[in-house]
Amino acid sequence: MSDDWIAVDWGTSHLRAWAMTGPEIRASAHSEDGMGRLSPEAFEPALLKLVEPWLKPEGATPVVACGMVGARQGWVEAPYRPVPCAPAGGGLIRALVHDERLDVRIIPGLSQASPADVMRGEETQIAGFVAANPEYDGILCLPGTHTKWAHISAREVVSFRTFMSGELFALIAGQSVLRHSVTTEGFDGDAFLEAVSESLSRPESFAARAFSLRAEGLLAKLPADTARARLSGWLIGMELAAARPYWLGQPVVLIGAPALSQFYAQALEAQGLTPLTADGDAMTLAGLAAAHLGH
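Under this note's numbering, the first residue of the sequence shown carries the number 93, and numbering increases by one thereafter.
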């Protein structure tokens, strides 16, 4: 039997696929056919357009997918699994296909009853990390639009919390009055760390501090790179204040895009921690491979 299969990361705005032989990548492809622009009947054609050259000439090629493809608005809903549980240890959900060359299975997301929380996609990155580090007992932080903090023990996700810091930054920087103050891609590292410290000590002052960026820009020509760094630092500082039970005195590993993870690493290092990092894409692929092997 061939051990060829296809790994798929299907988000709201993107579709990424890898042709695999066992754990080895043979080819990769991507498109903009994310869940957000597809009707349920459009998922199979979108996948075929990307992966058809990789399909076996005879029999069905296994496809393991994660992400928003399993959301209620996706190809088929892959119901959330309640924690505590293994990150990708439950049954994969089979998608209805018309092309007999496809056998598509979707990894379910995770849920938490109290406080209410869900994740879909991040569980696969966590599964990839746990597969490579089965004895790890500590915290995983997955920075992103909706950053996740997850407690891992005995190869299970014990609990997790989601913070909308990334989305709040995008909304404030792009749509609020502060959009006039942060018009730069530059970044003042010292201002960032100072803002993290301020927000950790007094997170309740954020709304007042935020408007000061606009005022100081008008009155004292505050540089845009400083304003942008302060806004980011205050938001991450508020997140760290709320997530303190997760990271204080715990080993922490950051999983995500290197550029974003470095901000969290710097903020945590300023609090005396030494977080490790792991590449988000690599962990996604490792998690898909673990789910395929388990299935």
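The C-beta atom is built at its ideal place from N, Cα and C for all residues, glycine as well.
- The stretch 200-210 makes contact with the stretch 174-181: 3 or more CB pairs, one atom from each, lie closer than 8 Å.
- For Ala-119, the CB contacts under 6 Å within the same chain, skipping 5 residues up- and downstream, are Ala-111 in chain order.
- In the three-state reduction of the DSSP assignment, Gly-114 falls in the coil class, being assigned neither a helical nor a strand state.
- DSSP, read as helix, strand or coil, puts Phe-303 in helix.
- The DSSP-derived three-state label of Lys-313 is coil.
- Listed in chain order, the non-local C-beta contacts of Thr-376 below 6 Å within the same chain comprise Asp-101, Thr-216, Gln-217, local neighbours out to five positions each way being set aside.
- Between the C-alpha atoms of Glu-192 and Ala-319 there is a straight-line separation of about 55 Å.
- Burial is judged here by how many other beta carbons sit within 10 angstroms of a residue's own beta carbon; His-190 has fewer than 16 and is exposed.
- With respect to Leu-232, Ala-242 sits close: the two C-beta atoms are nearer than 7 Å.
- Ranking Leu-194, Pro-179, Phe-355, Arg-301 by CA distance to the CA of Leu-142 puts Leu-194 first.
- Shown here for His-272: same chain residues with a beta carbon closer than 8 Å to its own, the five before and five after excluded, namely Arg-306, Gly-309 in chain order.
- Under the DSSP assignment, Ile-199 falls outside any beta strand (DSSP E); it carries neither an H nor an E label.
- A direct Cα-to-Cα measurement between Leu-130 and Ser-123 gives close to 12 Å.
- Counting other Cβ atoms within 10 Å of its Cβ, Pro-337 stays below 16 and is therefore classed as exposed.
- Counting along the chain, the unbroken beta strand (DSSP E) around Asp-209 starts and ends at 209-211.
- Check the Cα spacing between Ala-287 and each of Phe-298, Gly-278, Glu-277: the tightest is with Phe-298.
- Here the alpha carbons of Arg-108 and Arg-186 stand approximately 19 Å from one another.
- In the structure shown, Gly-103 falls within a coil segment according to DSSP collapsed to helix, strand and coil.
- In the structure shown, the three-state DSSP call for Gln-204 is strand.
- Residue pairing by DSSP puts Ala-157 in a beta bridge opposite Val-100, Ile-198.
- Using a 10 angstroms sphere on the CB of Glu-214, the tally of other CB atoms reaches 16 or more, which defines it as buried.
- When beta bridges are read from the DSSP output, Ala-265 appears opposite no residue.
- Cβ-Cβ distances below 8 Å link Ala-224 to Ala-378 in the same chain, with the five nearest sequence neighbours on each side left out; the list follows chain order.
- Only residues of its own chain outside the window of five on either side were considered, and among them Ile-264, Ala-302, Leu-305, Arg-306, Leu-323 have a CB closer than 7 Å to the CB of Leu-270, listed in chain order.
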